[in-house]
Amino acid sequence: MSERGIQWFRFTAPANFYDLAGRLIPWFAALTIALFGVGLYMGLVVAPSDYQQGDSYRIIYIHVPTAWMGMFLYVLMAIYAAIGLIWRIKIAEIMAKSIAPTGALFTFLALWTGALWGRPTWGVFWVWDARLTSMLLLLFLYLGYMALHAAIDDRQRASNASAVLAMVGVVNVPIIYFSVHWWNTLHQGASITVTEAPTMAMIMFVTLMIMVLATWVYSIAVVLARARVELLERERTARWVQERLEGERR
Amino acid sequence: MADREFRAVALAAERGDRRLFDDIDFTLSPGQLLQVSGRNGCGKTSLLRILSGLSRPVAGQVYWGDEPIQSVDGGTGSCLGYLGHQNALKEDLTAEENILIAGGLGGGRPDREDVLAMLASLGLAGYEDLPVRYLSQGQKRRVALARLLLQPRPLLILDEPYAALDVQVIEVLRSAIEAHLARKGMIVITTHQAVDIDGDCHNLRLG
Amino acid sequence: MMEFLAMGGYAPYVWGSYLVMAGLLVVEMLQLRFRRRSLMDWIRRMARLRVQEENQ
Amino acid sequence: MFRPLLALLRRDLTLALRRPQDALTVVGFFVVVVALFPLGIGPDPEFLRSLAPGVLWVAALLAVMLSLERLFSDDYRDGTLEQMLLVPEPLGLLVLTKIFAHWLITGLPLVLISPLLAVQLNLRPEEILILMAALLLGTPILSLIGAIGAALTLGLRGGGVLIALLILPLYAPPLILGAGAVDAVMHGASAQAHLSLLGAMMVFALFATPWATAAAVRIMLD
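Protein chains in written order, with this note's numbering: chain A, 43 to 292; chain B, 76 to 282; chain C, 462 to 517; chain D, 224 to 445.
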């Protein structure tokens, strides 16, 4: 246990983190390509079409993973932000900032695919369904976080201030979700709930899980890559940055 | 007045990418004054804000006795008074109201007579019931000083207190500082002018 | 093949979802790559300038 | 313990009284926004009535949001906020006092003027009563949450617009519950569930948000 603690601490040192992330990224990138390849093939070709929704249901293979990822990344971002704020760990601050764009992107994709799935299913692109509405508010939370980070010039202050915002946001996410859900059930007339097949065929479930895994691995790779860039930007005057620049030409 | 030492241990501060200062150490005992000097932009104000607990240093810690300055028993403000570049006066309130309210906020029950006497000693007799917006820059500074001197704190941290003051007021302030030191108070001060103060004075050069 | 592309008549929705996702992920990666390159160039340039200053 | 807080409350109220136009502007904004809605959607009384809860709540929410920028920025500019960090009192309590003063100046007038606008939008007396109760519980929540945004944008360029982006998503729950309360009465249901949830939310905000705001103030003044 203590040994692992020391290990963890070692990797929070900027240079070590930079090197470790650099070594990990290619693996995750390769894994991403493999998983997306298998998942797309299974989802688009192998899996049979749904007897009710026809082929339009295939959007589920990207709608569900992106929606999960969007929500999960927000929580993860808030956790890193809290660690960075409370224990003043630079790497955690950088991770929080690096997660935000990817999280926002996945949240947007969940909305986009949700709308495109809604059209054939409900007949309209957008319904004020509880899930879509809370995803929309989540996207706004991401945008607010990024806007606040960008608006403050001093880097330390930007990290701290947006960490407070992320923590306030993460406390609010369940409250928002609950109230939106409640609002939605009260106005039942206007909305149609998503029709989920009661028993999902095994192949569909497996495909879905592969796609979920693929978005996971993609997120890890991209976030680590962005964290490296952020780290370089923050530490550009440090000696370890100069040393590494000598080493890698492009 | 003060019964403990005020210590800075290995303080460092940054602005953007630039290190302002490194490894600042000092110990101030009751009755001592520390003058911080250095050219413009060398981090005097940053140091003073760190000493008063308003900013967090990149490294190091400030202690009031054995307690870190942020977690002093009874709040940071119970041990020190800080006068920054801004006068911290409400333009719509009169000089007297400003001081009385600040005193009330500080937990004291300021006496109106004391306030008027202090304002008079700083040459502001007759201005006490005017909204502060009608006062000149120098007069506002004097009101801010009056507020500070009326709050009995063992440690005073003064950032350019002489700015915009004329000669007589500088004299009044000087004697107030000397009296504070004689009462075993402590002072940390930055100033451009050389003002000779009778007492146990020390110097810290930045940059 | 045509049948596959037609997606049972839902082609605009299915491909609209998949292609937009693919496109945005690619844009994200390209943007990251671009940012990294320009940052590297910037740091190198600063290092060069510093060396120049020291030589003078 | 409470004397410093009373001093601060009295200070903020005195300042507001010396510049009454600030508070009046907020009320004016509320009235004007509500008055614009019928122009946009037509004068049909029944239709307006059905939209009234949402319109009144969104207008109140925007009015509170616009007023928030003033909450800390004056004290920030003249340095009194900095001095407040050096007061022996916990910063969270000072912040809470300032928010309370701010609510008395801007939130309460909105509650008091809302019946007038509700009548214009054809709400019935019992619905107006619920509207006022909901606003009475809801506007403090808006001020409490908004204070976090106001603190986080201290000293930033374009702070006003940024506040909107930061806090409007957080305003969704009180908006849903507040407008829903009036809506429920309109449709012959009880508003009790809405109002008790709104009350619970207010209590939660009362205890939780001042500390977040205090942390934000410390960070922005660092």
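We treat Cβ as the ideally placed atom computed from N, Cα and C, and that holds for glycine.
In this text, all values refer to a predicted model and were calculated from it rather than measured experimentally.
Taking DSSP as the reference, what is the three-state secondary structure of residue i?
i         : result
B:Thr-169 : strand
B:Gly-274 : coil
A:Trp-154 : helix
B:Gly-28  : As displayed, chain B neither begins before 76 nor continues past 282, which places residue 28 of chain B out of reach and without an answer.
A:Val-169 : coil
D:Asp-235 : helix
D:Ile-364 : helix
A:Met-43  : Caution applies to A:Met-43, whose pLDDT of 38 falls short of 50 and renders its modelled position unreliable; the value that the coordinates give is listed next. Of the three classes helix, strand and coil, the one that applies to A:Met-43 here is coil, per DSSP.
A:Ile-234 : Residue placement at A:Ile-234 is poorly supported in this model, since its pLDDT is 41, which falls under 50; the coordinates are not used for a value here.
B:Arg-249 : helix
A:Ile-48  : Because the pLDDT at A:Ile-48 is just 48, under 50, the model does not fix this residue reliably, and the point stays unresolved.
B:Glu-142 : strand
D:Ala-324 : helix
C:Tyr-518 : Nothing in the structure corresponds to residue 518 of chain C, since chain C is present only between 462 and 517.
B:Glu-89  : strand
B:Asp-63  : Since the first residue of chain B shown is 76 and the last is 282, residue 63 of chain B is not available in this structure.
C:Trp-503 : helix
B:Gly-179 : helix
So, at 6 Å on beta carbons, what are the nonlocal neighbours of residue i in its own chain, with the 5 sequence-adjacent residues on each side left out?
i         : result
D:Leu-375 : Ala-439
A:Ala-123 : Ala-138, Ala-205 and Ala-208
B:Asp-78  : none
B:Leu-123 : Ile-232 and Asp-234
B:Tyr-138 : Arg-82
A:Met-188 : Ala-142
A:Gly-231 : Low confidence applies to A:Gly-231: its pLDDT is 43, below 50, so where it sits in the model is not reliable, and the reading given next is rough at best. For A:Gly-231, where only same-chain residues beyond five positions count, there are no Cβ hits under 6 Å.
Going by C-alpha distance, which of the options is nearest residue i?
i         : options                                       : result
D:Thr-362 : D:Leu-285, D:Ala-230, D:Leu-232 and D:Phe-225 : D:Leu-285
B:Arg-184 : D:Val-250, D:Leu-240, D:Gly-330 and D:Pro-227 : D:Pro-227
D:Arg-234 : B:Pro-132, B:Asp-167, B:Ala-239 and B:Tyr-138 : B:Asp-167
B:Val-263 : B:Leu-197, B:Pro-227 and B:Leu-158            : B:Leu-158
D:Leu-369 : D:Ala-437, D:Glu-305, D:Pro-243 and D:Leu-259 : The identity of residue 369 of chain D in the sequence shown is Gly, whereas the question assumes Leu. It is D:Ala-437 whose Cα lies nearest to the Cα of D:Gly-369.
D:His-325 : D:Pro-243, D:Ala-412, D:Gly-277 and D:Asp-267 : D:Pro-243
D:Arg-380 : D:Gly-315, D:Asp-301 and D:Glu-292            : D:Glu-292
A:Ala-72  : A:Ala-256, A:Leu-287, A:Glu-288 and A:Arg-268 : A:Ala-256
A:Leu-183 : A:Glu-288, A:Ala-142, A:Arg-270 and A:Leu-174 : A:Ala-142
D:Ala-230 : B:Thr-169, B:Ser-127 and B:Gly-179            : B:Gly-179
B:Leu-220 : B:Leu-205, B:Arg-208, B:Tyr-237 and B:Ser-127 : B:Tyr-237
A:Arg-276 : A:Ile-133, A:Leu-127 and A:Leu-250            : A:Ile-133
B:Gly-140 : B:Asp-186, B:Leu-103 and B:Asp-189            : B:Leu-103
When you compare the CB positions of residue i and residue j, do they come within less than 9 Å of one another, or not?
i         : j         : result
A:Ile-101 : A:Leu-158 : yes
D:Leu-393 : A:Val-222 : no
C:Leu-485 : A:Phe-150 : yes
D:Ser-337 : D:Leu-279 : yes
A:Met-111 : A:Phe-148 : yes
B:Gly-156 : B:Leu-223 : yes
B:His-277 : B:Phe-101 : yes
A:Pro-107 : A:Val-254 : yes
D:Ser-296 : D:Thr-329 : no
B:Leu-256 : B:Leu-108 : yes
D:Leu-444 : D:Leu-389 : no
B:Gly-135 : D:Glu-312 : no
D:Met-424 : D:Leu-391 : no
B:Leu-240 : B:Arg-258 : no
D:Leu-359 : D:Val-405 : no
B:Glu-246 : B:Ile-272 : no
A:Tyr-116 : A:Gly-81  : no
D:Gly-382 : B:Gln-161 : no
A:Gly-165 : A:His-105 : no
C:Met-501 : A:Val-264 : no
I'd like the list of long-range same chain contacts for residue i, defined as Cβ closer than 8 Å, with 5 residues on each side in sequence excluded.
i         : result
D:Arg-272 : Leu-344, Asn-345, Leu-346 and Met-409
A:Ser-91  : Asp-97, Tyr-99 and Arg-100
D:Val-257 : Val-278, Leu-279, Ala-282, Leu-340, Gln-343 and Leu-344
B:Val-84  : Asp-100, Gly-135, Gln-136, Val-137 and Tyr-138
I'd like the list of long-range same chain contacts for residue i, defined as Cβ closer than 7 Å, with 5 residues on each side in sequence excluded.
i         : result
A:Leu-66  : Leu-266
B:Gly-280 : The amino acid at residue 280 of chain B is misidentified as Gly; the sequence shows Arg. Once the five neighbours on either side are set aside, the close Cβ partners of B:Arg-280 are Ser-112 and Gly-113.
B:Glu-203 : Thr-169, Ala-170, Glu-171, Leu-191 and Leu-194
Interface positions of the segment 89-114 of chain B facing chain A (Cβ-Cβ less than 7 Å), listed along the chain: Asp-92
Chain-ordered residues of the segment 397-425 of chain D with a beta carbon less than 8 Å from chain B: none
Residues in the segment 293-306 of chain D having any Cβ partner in chain B nearer than 7 Å: Asp-301, Gly-302, Thr-303, Glu-305 and Gln-306
Contact list for the segment 429-445 of chain D against chain A, Cβ threshold 7 Å: Ala-435, Ala-438, Ala-439, Ile-442, Met-443 and Asp-445
Near-chain A residues of the segment 503-515 of chain C - C-beta to any C-beta below 9 Å: Trp-503, Ile-504, Arg-505, Met-507 and Ala-508
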